[in-house]
Amino acid sequence: MIESLQHLPSAEGTHGALSERFTDLAPPLTARQAAIESARCLYCYDAPCTRACPTGIDVASFIRNIHDHNLEGAASTILQQNIFGGSCARVCPTEILCEDACVRNHDAEGQPVKIGLLQRHALDHAQFGGHPFERLPATGKTIAVVGAGPAGLSCAHRLAMLGHDVVVFEAREKAGGLNEYGIAKYKLPGDFAQREVEFLLSIGGIEIQYGRALGSNLQLSDLHARYDAVFLGLGLSESRRLGLTGEDAPGLVAAVDYIATLRQAQDLAALPVPRRAIVIGAGNTAIDMAVQLKRLGADEVTLVYRRGFDAMSATGHEIEIAKTHFVRMRTWAAPLEVLLDDVGQVRGMRFEETRLEEGRLVTTGAIIEIVADAVFKAIGQGMDLAALADPLAREIERSNKILVDSCFRTALPGVYAGGDCVAPGQDLTVQAVQHGKLAALAIHHDIQSKAEAAWPT
């Protein structure tokens with residue numbers, strides 16, 4: 000994945016010392032802090048925090064359970080709506096969702112209830128004797144799920160709850176998708192992502208087959224013929240290109256590839272780390288990349304974006320994280336040229352200043368050069384078109400993403416899709432979880448309706 004960085008020096012320090020820089024971003028609440036914080040909740044009727052949650056968690060109810068020292072009840076309330084509640088408590092942008100809607104955010108205190116930390120407290124400390132949910136009686140139906148990310152596994156879990164058997168096909172060696180491979184290591188440290196997957200699978204009825212990639216050793220036409228329904232949770236696996244000469248030179252890589260390598264690294268001290276780096280992009284992935292480089296010991300990291308701060312898709316909270324790590328931010332600059340040294344390796348980039356004219360982004364002709372040992376592009380992901388290349392898959396309507404109806408049905412009967420691969424979407428873990436859950440309910444409804452229609456009167 001990051002072979003083109005092997006000419007760079009390794010991270011300074013031992014694996015143990017570097018690992019200490021990748022513990023949880025925010026410290027957990029103590030029992031006393033959780034008690035105090037839960038007492039701040041007003042338990043609003045028609046709570047705006049619940050309405051702001053993409054998965055519809057009954058926030059007031061789970062916080063009341065925490066206040067009443069019923070952590071198992073709190074955790075069950077969360078997991079009923081969001082089986083990935085543990086990871087979402089850590090990575091969800093609560094500052095623009097539930098906490099932004101909290102009425103405490105708008106009263107004299109001006110400080111919302113710490114919903115994300117309370118959710119984490121409940122799920123980290125709840126002690127279940129087994130899986131909290133039981134499966135309904137077996138339906139005899141088996142559904143194929145392609146992709147073991149948050150959308151696919153959420154769909155699989157809900158289908159298993161409803162009594163169906165599920166076979167999940169995953170291209171990589173581990174399940175978890177973005178949680179396992181794409182989230183900053185300081186947000187989901189250690190083996191948290193895998194423990195969450197193991198907990199989800201403990202409901203039973205879910206089989207995962209690894210090393211199975213749609214369009215390669217797996218065809219949609221076969222799945223459509225063999226299974227009662229198919230759910231596509233393909234994600235967005237292809238990094239967009241800058242379209243510049245030198246883009247394939249040693250020293251220029253996709254940020255997601257480096258993040259995946261970092262998350263799977265057994266020895267952080269063996270990772271190649273540039274002394275000076277450029278990160279191109281304006282989303283949370285760009286922030287994750289820049290901050291992790293600083294934590295690995297990079298001296299200078301510059302994040303470059305072609306528009307202004309107000310147009311960045313990264314949240315204000317993420318931008319502040321970057322600032323506290325002394326990440327330099329250069330806005331209003333568009334990539335123009337990759338600069339190479341005498342042996343063809345990246346030595347920096349040339350940018351052209353931009354501005355808005357009557358709402359349109361234009362270049363000004365002014366040139367900026369930034370010296371760097373490596374460049375990381377975080378300019379968005381696209382679908383792997385090879386995944387939907389077989390004749391049957393071509394019947395699925397798509398633009399740059401798969402088009403689905405309100406129940407996540409594609410144009411191909413019996414095939415559903417959700418998560419980052421569908422339009423519209425916000426590319427949030429919590430939204431992918433909701434897509435998978437709602438698609439599972441639609442699959443169950445459609446299968447039951449078909450069975451009822453076939454039943455003789």
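Position 325 of the sequence shown, counted from 1, bears residue number 324 in numbering that gives the first Met the number 0, the numbering being contiguous throughout. Even glycine gets a Cβ: it sits at the ideal position worked out from N, Cα and C. Only a predicted model underlies this, so the values are computations on that prediction, with no experimental measurement involved.
Are the CB atoms of residue i and residue j nearer to each other than 8 angstroms?
i	j	result
Q291	H6	no
A147	G115	no
A297	R274	yes
L213	V145	yes
P249	I1	no
V414	H223	yes
V252	L4	yes
M382	E172	no
A254	T284	yes
I277	M348	yes
A46	A59	yes
A100	C48	yes
A377	G282	yes
R262	E206	no
D372	P188	no
C406	L437	yes
F168	Q208	yes
I believe residue i touches residue j by the beta-carbon criterion, under 8 angstroms. Please report the beta-carbon distance rounded to the nearest angstrom.
i	j	result
L219	L391	5 angstroms
H66	A30	Not a contact, Cβ separation roughly 12 angstroms.
Y229	A143	It is worth fixing the name first, because residue 229 is Val in this sequence and not Tyr. That belief holds up - the Cβ atoms of V229 and A143 are roughly 5 angstroms apart, short of 8 angstroms.
A25	L233	The Cβ separation is near 31 angstroms, so there is no contact.
E246	V303	Not really, about 15 angstroms apart at Cβ, beyond 8 angstroms.
F350	L335	6 angstroms
R305	T353	5 angstroms
A174	L152	7 angstroms
A332	I367	6 angstroms
V102	C43	6 angstroms
Q380	R240	Not quite, the Cβ-Cβ distance comes to about 11 angstroms (not below 8 angstroms), so this is no contact.
A259	H14	Between H14 and A259 the Cβ distance is about 18 angstroms, and since that is not below 8 angstroms, they are no contact.
L217	R211	5 angstroms
A289	A321	6 angstroms
Thinking C-alpha only, which one of the options is nearest residue i?
i	options	result
K140	L158, E319, D341	L158
V432	V300, C154, V272	C154
H461	V102, D221, R20	Beyond the ends of the chain as shown, which are 0 and 456, falls residue 461; an answer cannot be given.
T93	E172, I56, I378, A107	I56
G280	Q263, A313, K293	A313
P149	T428, A125, A450	T428
I62	A51, R225, K113	K113
D227	A253, D99, H444	H444
G417	D426, G435, R211, S405	G435
S201	L411, G379, G128	G128
D340	E352, K322, V370	V370
L235	G181, E394, V58, A59	G181
H163	A452, E451, L440	L440
E319	A125, L411, D287	D287
Y257	L295, L241, E317, T54	L295
N81	P27, H156, Y185, R211	H156
E492	A183, Q79, I77, H124	This structure cannot speak to residue 492, because the chain is shown only from 0 to 456.
G204	D221, R211, T138, S215	T138
C97	F198, T54, N69, A125	T54
A125	N104, H68, A310	H68
Q110	L177, I395, E36, L243	E36
Checking the sheet assignment: what are the DSSP bridge partners for residue i?
i	result
T353	T362
I142	V165, A228
E172	Partner(s): none; E172 has no beta bridge.
P334	F350
M328	L302
I277	T301, V374
G381	E237
Q208	F168
E368	R349
R397	I401
S9	P271
L213	L217
V252	F375
R103	Paired residue(s): none; R103 is not in a bridge.
V421	I401
L339	V345
A63	One point to set straight first is that residue 63 is Arg, not Ala, in the sequence displayed. DSSP lists no partner for R63.
Y415	F230, R408
Considering only heavy atoms of the ligand NAP, does any lie closer than 7 angstroms to the CB of residue i?
i	result
G418	In the structure on display, the ligand NAP does not appear, and there are no ligands present to speak of.
Practice task
Decide if the region 415-429 is in contact with the region 398-405; the criterion is three or more beta carbon pairs, one per stretch, under 8 angstroms apart.
Solution key: yes
Practice task
Mind the definition here: the region 124-137 touches the region 86-102 only if three or more C-beta pairs lie below 8 angstroms; say whether that holds.
Solution key: no
Exercise for the section: Specify whether the region 71-80 and the region 119-128 touch according to this definition: at least 3 beta carbon pairs, one from each stretch, less than 8 angstroms apart. Expected result: yes
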